[in-house]
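**Q** Before I ask anything, here is the structure I am working with.
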Amino acid sequence: MLWLAMVLASIVIHLCFLWIVSMLLMGRFESSQPSQDLIAIDLIDIIPEDIAEQETSPEDPSTALIDQTIDLALTSPRSDRNLNHQTVSNSTIEATEGEVKPTPTEDILPVKDLAPPTDYQLTIPVPSPEPTTPITPVKPIPVIPTPLPSPLPLAPPIQPPASSIPEESASKDSFVAKMSNFGLTNPNRDIPDQLALPLPANKSEFSAKELNLTGIDLSEELVLKVVLLIDSNGKPELLADYIQVQQGKISSDQAQQLAQQVIWDWLFAPTYMAGQPVVQAYRFQLTISD
37 MLWLAMVLAS IVIHLCFLWI VSMLLMGRFE SSQPSQDLIA IDLIDIIPED
87 IAEQETSPED PSTALIDQTI DLALTSPRSD RNLNHQTVSN STIEATEGEV
137 KPTPTEDILP VKDLAPPTDY QLTIPVPSPE PTTPITPVKP IPVIPTPLPS
187 PLPLAPPIQP PASSIPEESA SKDSFVAKMS NFGLTNPNRD IPDQLALPLP
237 ANKSEFSAKE LNLTGIDLSE ELVLKVVLLI DSNGKPELLA DYIQVQQGKI
287 SSDQAQQLAQ QVIWDWLFAP TYMAGQPVVQ AYRFQLTISD
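Take a look at the structure:
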């Protein structure tokens, strides 16, 4: 930036110096020229005529005044210069006006009214209509009815093979489980203050699907002897080793499975001893029938 500013300042200084030198040279050139008196061209043409008129015409005050003014103009160098400039400008204007010539305007030709003839008629040839060919009617194609295929005979439903296991109990809708002879396993030992009691909301009706009776024959009433261990919260736990089948044709494993499905959601009021809930074993008889 500093370098650029120096360059610009140098350029400005040189320009100012050149301007001053040119002004000085122009002033010296003007002063060296000799002063010459210039006479207007128009005045040169007019002066002889005025002199001739003065010789022939009588003296007039206005004419004398004009002649005196002309003499003053001829004797004064400054007036000569002014008149020279004014005369040159006037002659230039007159010459310019003389050179300008008016452009000839074109003659405007009159436009004649072209009126269409009244007896003119426009005739358009109309083509003759082409002869129409008669349309021959097309005979309809006869539709041959096709007989519908006879429906195929339905296959007989496939019957499942007969199972060797009796399914009489599976055809039943529901079964009823009843509890009886509820009491302590050993009434002569550790007698509590309050025995556990089954809640009335315990479920007593079950479907064949809920009991999972696959392979179990419940065509007749089934009686089981069940032993439970009820905890302090009233939740029963099945003691599988003490289950006995008193009536029915099922195995011990099937009896255990069936009893477990029945008491799965059962609840009891807990056993109390010395005012505290305790764990106690109970036995009862479970009867399942349709």
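No gaps in the numbering here: position 70 of the sequence shown is 106 in our numbering, and each next residue is one more. Even for Gly, the Cβ is constructed at its ideal location relative to N, Cα and C. Note that this is a predicted model, so its numbers are computed, not measured.
For Thr323, collect the residues of the same chain with a Cβ closer than 6 Å to its Cβ; drop the 5 residues on either side in sequence, then sort them by chain order.
**A** The residue labelled residue 323 in the question sits at position 287 within the sequence shown. If we look at Thr323 and ignore the five residues flanking it on each side, its Cβ neighbours are Lys214 and Val259.
**Q** Is the beta carbon of Leu265 closer than 9 Å to that of Gln292?
**A** In the sequence shown, the residue the question calls residue 292 occupies position 256. In the sequence shown, the residue the question calls residue 265 occupies position 229. Against a cut-off of 9 Å, the Cβ pair of Leu265 and Gln292 comes out as no contact.
**Q** Roughly how many angstroms lie between the CA atoms of Gln290 and Ile252, to the nearest whole one?
**A** Residue mapping note: residue 290 aligns to position 254 of the sequence shown, counting from 1. Residue mapping note: residue 252 aligns to position 216 of the sequence shown, counting from 1. Gln290 and Ile252: Cα-Cα distance of roughly 7 Å.
**Q** Assign Ala310 to one of three DSSP states: helix, strand, or coil.
**A** Counting from 1 along the sequence shown, the entry for residue 310 is found at position 274. Note: Ala310 maps to coil in three-state DSSP.
**Q** State the start and end residues of the unbroken alpha helix (DSSP H) segment that holds Gln297.
**A** To locate residue 297, count along the sequence shown from 1; it is residue 261. Ser288 to Val298 is the span of the alpha helix (DSSP H), which, as asked, contains Gln297.
**Q** Excluding the 5 residues flanking Met309 on each side, which residues of the same chain have their C-beta closer than 7 Å to its C-beta?
**A** By 1-based counting over the sequence shown, the position of residue 309 is 273. If we look at Met309 and ignore the five residues flanking it on each side, its Cβ neighbours are Pro228 and Asp229.
**Q** Just curious, the beta strand (DSSP E) that Lys261 is in, first and last residue?
**A** As a working mapping, residue 261 is identified with position 225 in the sequence shown. Start and end: Leu258 to Ile266.
**Q** Looking at the strands, I want to know which residues DSSP matches up with Glu273.
**A** Against the sequence shown, residue 273 aligns to sequence position 237. According to DSSP, which records beta bridges pairwise, Glu273 is partnered with Leu265.
**Q** Tell me whether Gly63 is buried or exposed, calling it buried when 16 or more other Cβ atoms sit within 10 Å of its Cβ.
**A** Taking the sequence shown and counting its residues from 1, one reaches residue 63 at position 27. Looking at its Cβ environment, which holds fewer than 16 other Cβ atoms inside 10 Å, Gly63 is exposed.
**Q** State the start and end residues of the unbroken beta strand (DSSP E) segment that holds Ala317.
**A** As a first step, residue 317 must be located in the sequence shown, where it is residue number 281. First-last of the beta strand (DSSP E) with Ala317: Gln316 to Ser325.
**Q** Is Asn269 near the ligand HEM, with its Cβ less than 8 Å from a heavy atom?
**A** Summarising the ligand content, the structure contains no ligands, and the ligand HEM is consequently not present.
**Q** Which of the three DSSP states, helix, strand or coil, is assigned to Leu60?
**A** Taking the first residue of the sequence shown as 1, we reach residue 60 at position 24. It is helical.
**Q** Which two residues bound the contiguous beta strand (DSSP E) that contains Leu220?
**A** Taking the first residue of the sequence shown as position 1, residue 220 is located at position 184. Taken as a continuous stretch (DSSP letters only), the beta strand (DSSP E) holding Leu220 covers Ser210 to Leu220.
**Q** Mapping the DSSP letters down to three states, classify Ser255 as helix, strand or coil.
**A** Numbered from its first residue, the sequence shown carries residue 255 at position 219. If DSSP states are grouped into helix, strand and coil, Ser255 belongs with coil.
**Q** Note down the Cα distance separating Gln280 from Leu231, rounded to an integer number of angstroms.
**A** Position 244 of the sequence shown, counted from the first residue, corresponds to residue 280. Position 195 of the sequence shown, counted from the first residue, corresponds to residue 231. Looking at the two C-alpha atoms, the distance is approximately 23 Å.
**Q** Looking only at its chain, what residues have a beta carbon closer than 7 Å to the beta carbon of Met318, apart from the 5 residues adjacent to it on each side?
**A** Within the sequence shown, the letter at position 282 stands for residue 318. Met is not the amino acid found at residue 318; the sequence shown has Tyr there. Answer for Tyr318: Phe218, Gly219, Leu220, Thr221, Ala232, Leu264 and Ile266, listed in chain order.
**Q** Work out the CA separation of Ser240 and Ala305 for me, nearest whole Å.
**A** As a first step, residue 305 must be located in the sequence shown, where it is residue number 269. As a first step, residue 240 must be located in the sequence shown, where it is residue number 204. Approximately 17 Å, taken between the alpha carbons.
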